[in-house]
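**Student:** Take a look at the following structure, please.
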Amino acid sequence: METATPLAAVTVAEGLAVSEVAFYQTVKIAVSKDGADVSPYNAQLITNRKGMIRAFTTVLNKRFKPRFLTAELHLVPQTGTEIVLTDNETLAASFEEDTTTTFNFAYDENTLSFGMQAWLRVVDPKMPSDAIRYPSSGTIALDVTKNPGRVRARLVPIAYKADNSGRLPDTSDAQLDRIKTELMDLYPTNEIDIDVRTTPIDGLMTVDPGGNGWMELLQAVVDTRAADMPPNDMYYVGWFQPRQSFFQYCQGGCIVGLATTADPAVPSERAVLAVGYTGNSSAETVAHEIGHTMGRHHAPCGGAQGIDAKFPYADGSTGVPGWRQSDKSFVFEASDIMGYCQPFWISDYTYKALANRITVVNAAGLFPQPAQHDVQRILIAPDGTLAVSKSLRMDDVVGGNPVVVKYFDGRSLVATAPGRRFGYDHLPGGMILVMDPPKVAFTRVAL
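Adding 4 to a residue's 1-based position in the sequence shown gives its number in our numbering.
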């Protein structure tokens with residue numbers, strides 16, 4: 005009688021391979037796949053930000069069984085001491101949504117540097133000679149870029165007097181912390197600076213869930229910003245409670261925020277309006293609305309209007325998984341923050357665009373203030389009616405859509421001027437900015 009000869013155990017080197025190395029800084033950024041560097045990345049890998057690195061494995065031989073392994077991730081800076089991160093896992097094949105099937109390496113905000121290289125070693129601690137190296141030779145070249153820098157916001161409390169209550173929004177330290185955490189989790193930055201305007205402004209007009217009053221109150225926030233003359237990189241957030249509770253205000257659906265999709269060269273439009281109730285929902289609204297002032301249109305989800313035609317994911321999703329630094333949790337199924345669907349996170353597309361905008365806004369402060377102009381604001385009501393508002397002093401007006409504004413005195417056309425038209429995010433209408441408007445007497449304007 006013949007006896008079967010047991011098959012030899014499959015070693016790590018024979019049965020397992022590293023298939024991918026990815027960094028998670030809010031969004032997943034794969035840096036190497038199947039032994040080759042990924043170029044270009046889907047989003048910026050930035051300095052001065054915490055994150056997580058995952059190494060994915062694949063099984064080469066069916067006889068390879070899950071076993072306890074140690075992984076060493078070597079991060080090699082251009083100068084200085086090599087950083088070695090370690091993780092121990094019992095694993096075989098990896099799956100994206102199962103974090104127990106990957107090697108996971110947390111790192112702090114001081115870890116990544118320009119020109120850094122990386123390589124990985126996976127070893128069976130019971131047999132130190134049974135190991136694999138990834139890549140098999142050489143290193144992974146990490147394309148690390150400079151952190152875009154600080155994002156500054158100022159909450160402008162609005163005393164809501166349309167119902168004679170003078171009701172103020174929640175500006176407590178706890179609510180500010182919620183907003184700061186939301187922005188820090190989502191935005192590509194290493195610093196969120198939030199303060200509260202000392203003196204509230206009055207909200208005299210009635211603001212309803214359907215959109216009435218929103219445009220006028222946002223204009224009051226814009227005017228307040230112009231009067232305060234804050235630094236150009238400061239985002240003003242008008243913060244108010246149109247009803248006693250959010251439930252009372254939004255029982256049948258509602259608008260919760262308003263902003264213009266502004267150009268980086270128009271700092272006067274770094275102003276948004278948002279409901280200021282206690283909780284995470286209002287903090288999420290701030291993140292969404294500031295995203296609009298950073299040039300982001302809506303993602304195609306939840307019936308949003310003004311869709312970004314270049315948004316790469318037809319369902320409005322994030323496209324890639326994410327990672328939340330506040331609680332070190334992963335996000336696998338979500339919609340982009342610029343859409344209307346829940347739950348939301350941020351797509352690599354939006355994250356990359358915000359990084360570019362924050363970089364541009366912060367860099368502008370390094371150069372001399374450009375010559376400023378008198379800029380006339382013409383508000384466009386939802387029905388298309390035009391109303392001339394206050395003029396502001398600002399830099400050259402760019403962006404938006406070019407229009408020609410006609411000035412009439414009675415029935416007579418007395419002047420024309422080029423303008424730039426900008427839309428609102430959640431309402432029809434918008435505004436027109438006219439740089440150095442004609443100095444003529446007029447009674448109305450038209451397009």
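Glycine residues also receive a C-beta, built at the ideal position from the N, C-alpha and C atoms.
Going straight from the alpha carbon of Asp-312 to that of Glu-288, what length do you get?
**Tutor:** As a first step, residue 312 is located in the sequence shown; it is residue number 308 there, counting from the start. As a first step, residue 288 is located in the sequence shown; it is residue number 284 there, counting from the start. C-alpha separation (whole angstroms): 20 Å.
**Student:** How many whole angstroms separate the CB atoms of Glu-100 and Pro-325, which I take to be in contact at a CB cut-off of 8 Å?
**Tutor:** Within the sequence shown, residue 100 is the residue found at index 96, counting from 1. Within the sequence shown, residue 325 is the residue found at index 321, counting from 1. Yes, Glu-100 and Pro-325 are in contact; Cβ-Cβ is about 6 Å, under 8 Å.
**Student:** Verify whether the separation of the beta carbon atoms of Gly-261 and Asp-174 is less than 9 Å.
**Tutor:** In the sequence shown, counting from the first residue as 1, residue 261 sits at position 257. In the sequence shown, counting from the first residue as 1, residue 174 sits at position 170. No.
**Student:** Comparing alpha-carbon positions, which option in Leu-221, Lys-69, Ala-275, Arg-247 lies nearest Phe-265?
**Tutor:** Within the sequence shown, residue 265 is the residue found at index 261, counting from 1. Checking the sequence, you will find Thr at residue 265 rather than Phe. Thr-265 has its Cα closest to that of Ala-275, out of Leu-221, Lys-69, Ala-275, Arg-247.
**Student:** What is the residue span of the alpha helix (DSSP H) that Lys-184 lies within?
**Tutor:** Translated into the one-based positions of the sequence shown, residue 184 becomes position 180. Segment 177-190, the alpha helix (DSSP H) holding Lys-184.
**Student:** May I ask which residues mark the beginning and end of the beta strand (DSSP E) holding Met-56?
**Tutor:** The sequence position of residue 56 within the sequence shown is 52, counting from 1. First-last of the beta strand (DSSP E) with Met-56: 55-63.
**Student:** If you run the structure through DSSP and keep just helix, strand and coil, what is Glu-220?
**Tutor:** For this step, residue 220 is matched to residue 216 along the sequence shown. Helix, per DSSP.
**Student:** Are the beta-carbon atoms belonging to Ala-122 and Val-35 less than 9 Å from one another?
**Tutor:** In the sequence shown, residue 122 corresponds to position 118, counting from 1. In the sequence shown, residue 35 corresponds to position 31, counting from 1. Going by C-beta atoms, Ala-122 is nearer than 9 Å to Val-35.
**Student:** Among Val-31, His-296, Ser-249, Asp-128, which one has its Cα closest to the Cα of Glu-337?
**Tutor:** Residue numbering aside, residue 337 sits at position 333 when the sequence shown is read from its first letter. Out of Val-31, His-296, Ser-249, Asp-128, Val-31 has the C-alpha closest to the C-alpha of Glu-337.
**Student:** Which class does Ala-97 belong to by DSSP, given the choice of helix, strand or coil?
**Tutor:** Against the sequence shown, residue 97 aligns to sequence position 93. Ala-97 falls in the coil class under three-state DSSP.
**Student:** Just reading off the beta strand (DSSP E) that Glu-337 is part of, what are its end residues?
**Tutor:** Counted from its first residue, the sequence shown places residue 337 at position 333. First-last for Glu-337: undefined, no H or E at that position.
**Student:** Pop quiz: Val-80 and Thr-143 are said to be a contact at Cβ under 8 Å. What is the actual Cβ separation, rounded to whole angstroms?
**Tutor:** Translated into positions along the sequence shown, residue 80 becomes position 76. Translated into positions along the sequence shown, residue 143 becomes position 139. Yes, they are in contact, since the Cβ atoms of Val-80 and Thr-143 sit about 7 Å apart, within 8 Å.
**Student:** CA-CA distance, Ala-163 and Asn-52?
**Tutor:** By 1-based counting over the sequence shown, the position of residue 163 is 159. By 1-based counting over the sequence shown, the position of residue 52 is 48. Those two C-alpha atoms are separated by around 38 Å.
**Student:** Apart from the five residues just before and just after Ser-117, which ones in its own chain have a Cβ nearer than 6 Å to its Cβ?
**Tutor:** As a first step, residue 117 is located in the sequence shown; it is residue number 113 there, counting from the start. Taken in chain order, the residues that qualify are Pro-81.
**Student:** Helix, strand or coil for His-78 per DSSP?
**Tutor:** As a working mapping, residue 78 is identified with position 74 in the sequence shown. DSSP places His-78 in strand when its eight states are reduced to three.
**Student:** Could you give the DSSP three-state label for Leu-358: helix, strand or coil?
**Tutor:** Here residue 358 refers to the residue found at position 354 when the sequence shown is read from its first residue. Reduced to three states, the DSSP call for Leu-358 is helix.
**Student:** Among Arg-156, Pro-246, Asp-177, which residue has its Cα nearest to the Cα of Asp-234?
**Tutor:** Taking the sequence shown and counting its residues from 1, the one referred to as residue 234 is at position 230. Reading off the sequence shown, one finds Pro at residue 234, where the question assumed Asp. Closest option to Pro-234, Cα to Cα, is Arg-156.
**Student:** Indicate the three-state DSSP secondary structure (helix, strand or coil) for Pro-235 in the structure shown.
**Tutor:** Residue numbering aside, residue 235 sits at position 231 when the sequence shown is read from its first letter. The answer is coil: DSSP assigns Pro-235 none of H, G, I, E or B.
**Student:** With C-beta atoms as the reference, is Leu-2 less than 9 Å away from Gln-380?
**Tutor:** This structure leaves residue 2 out entirely; the chain is present only between 5 and 451.
**Student:** Just grab the DSSP bridge partners of Thr-90 for me.
**Tutor:** Start at 1 with the first residue of the sequence shown, and residue 90 comes out as number 86. According to DSSP, which records beta bridges pairwise, Thr-90 is partnered with Glu-76.
**Student:** Let me make sure I understand the geometry here. Which of Ser-333, Phe-412, Leu-451, Arg-415 has the alpha-carbon closest to that of Ala-423?
**Tutor:** Indexing the sequence shown from 1 puts residue 423 at position 419. Before going on, a small fix: residue 423 reads as Gly here, not Ala. Among Ser-333, Phe-412, Leu-451, Arg-415, the Cα nearest to that of Gly-423 belongs to Leu-451.
**Student:** Counting C-beta neighbours from all protein chains within 10 Å, is the total for Asp-189 16 or more, i.e. buried, or is it exposed?
**Tutor:** As a working note, residue 189 is residue 185 in the sequence shown. With 16 or more Cβ atoms within 10 Å of its Cβ, Asp-189 is classed as buried.
**Student:** For Val-449, which three-state DSSP category applies?
**Tutor:** Within the sequence shown, the letter at position 445 stands for residue 449. Here Val-449 sits in strand by DSSP.
**Student:** Could you pull the start and end residues of the alpha helix (DSSP H) that Phe-250 belongs to?
**Tutor:** Sequence index remark: in the sequence shown, residue 250 carries index 246 (1-based). Taken as a continuous stretch (DSSP letters only), the alpha helix (DSSP H) holding Phe-250 covers 250-253.
**Student:** Taking the straight line between their C-alpha atoms, what separation do you get for Pro-441 and Lys-394?
**Tutor:** Position 437 of the sequence shown, counted from the first residue, corresponds to residue 441. Position 390 of the sequence shown, counted from the first residue, corresponds to residue 394. Roughly 12 Å separates the two Cα atoms.
**Student:** With a CB to CB cut of under 6 Å and the five nearest residues on each side skipped, what residues in its chain are close to Val-200?
**Tutor:** Taking the first residue of the sequence shown as position 1, residue 200 is located at position 196. Hits under 6 Å: Leu-159, Thr-175.
**Student:** I'd like to know whether the C-beta atoms of Ser-330 and Thr-193 end up nearer to each other than 9 Å.
**Tutor:** In the sequence shown, the residue the question calls residue 330 occupies position 326. In the sequence shown, the residue the question calls residue 193 occupies position 189. Their beta carbons are not under 9 Å apart, which means Ser-330 does not touch Thr-193 by this criterion.
**Student:** Whose C-beta lies closer than 8 Å to the C-beta of Val-148 among residues of the same chain, with five residues either side of it excluded?
**Tutor:** Position 144 of the sequence shown, counted from the start, is the residue given in the question as residue 148. Here the set comprises Leu-49, Ile-50, Thr-51, Leu-116, Ser-117, Phe-118, Gly-119, Met-120.
**Student:** By the DSSP assignment, the alpha helix (DSSP H) with Ile-294 in it spans what residues?
**Tutor:** Walking along the sequence shown from the start, residue 294 turns up at place 290. From DSSP, the alpha helix (DSSP H) with Ile-294 extends over 284-297.
**Student:** If you count every other CB in all the chains shown that lies within 10 Å of the CB of Asp-319, and 16 or more means buried, which is it?
**Tutor:** Within the sequence shown, numbered from 1, the residue matching residue 319 stands at position 315. Classification of Asp-319: exposed, given that the 10 Å Cβ count is below 16.
**Student:** Quick test of your reading: Arg-448 and Phe-412, contact by CB under 8 Å. State the CB separation rounded to the nearest angstrom.
**Tutor:** Counting from 1 along the sequence shown, the entry for residue 448 is found at position 444. Counting from 1 along the sequence shown, the entry for residue 412 is found at position 408. Going by Cβ atoms, the distance from Arg-448 to Phe-412 rounds to 5 Å, so yes, they are a contact pair.
**Student:** Can you give the beta carbon distance from Pro-268 to Arg-361, rounded, assuming they're within the 8 Å contact cut?
**Tutor:** Taking the sequence shown and counting its residues from 1, the one referred to as residue 268 is at position 264. Taking the sequence shown and counting its residues from 1, the one referred to as residue 361 is at position 357. About 6 Å separates the two Cβ atoms, so the contact holds.
**Student:** Suppose you measure from the CA of Asn-366 to the CA of Val-290; what does that come to, to the nearest Å?
**Tutor:** By one-based count along the sequence shown, residue 366 stands at place 362. By one-based count along the sequence shown, residue 290 stands at place 286. Answer to the nearest angstrom: the Cα atoms are 20 Å apart.
**Student:** Give me, in chain order, the residues of the same chain whose beta-carbon lies closer than 6 Å to that of Ala-419; leave out the 5 immediate sequence neighbours on both sides.
**Tutor:** Against the sequence shown, residue 419 aligns to sequence position 415. If we look at Ala-419 and ignore the five residues flanking it on each side, its Cβ neighbours are Tyr-411, Pro-442, Val-444.
**Student:** Between Asp-91 and Val-16, is the Cβ-Cβ spacing less than 9 Å?
**Tutor:** Here residue 91 refers to the residue found at position 87 when the sequence shown is read from its first residue. Here residue 16 refers to the residue found at position 12 when the sequence shown is read from its first residue. Not in contact: Asp-91 and Val-16 (Cβ atoms no closer than 9 Å).
**Student:** In terms of residues, what are the limits of the alpha helix (DSSP H) holding Gly-326?
**Tutor:** Locating residue 326 in the sequence shown gives position 322, counting from the first residue. No alpha helix (DSSP H) contains Gly-326, which is instead part of the beta strand (DSSP E) from 326-328.
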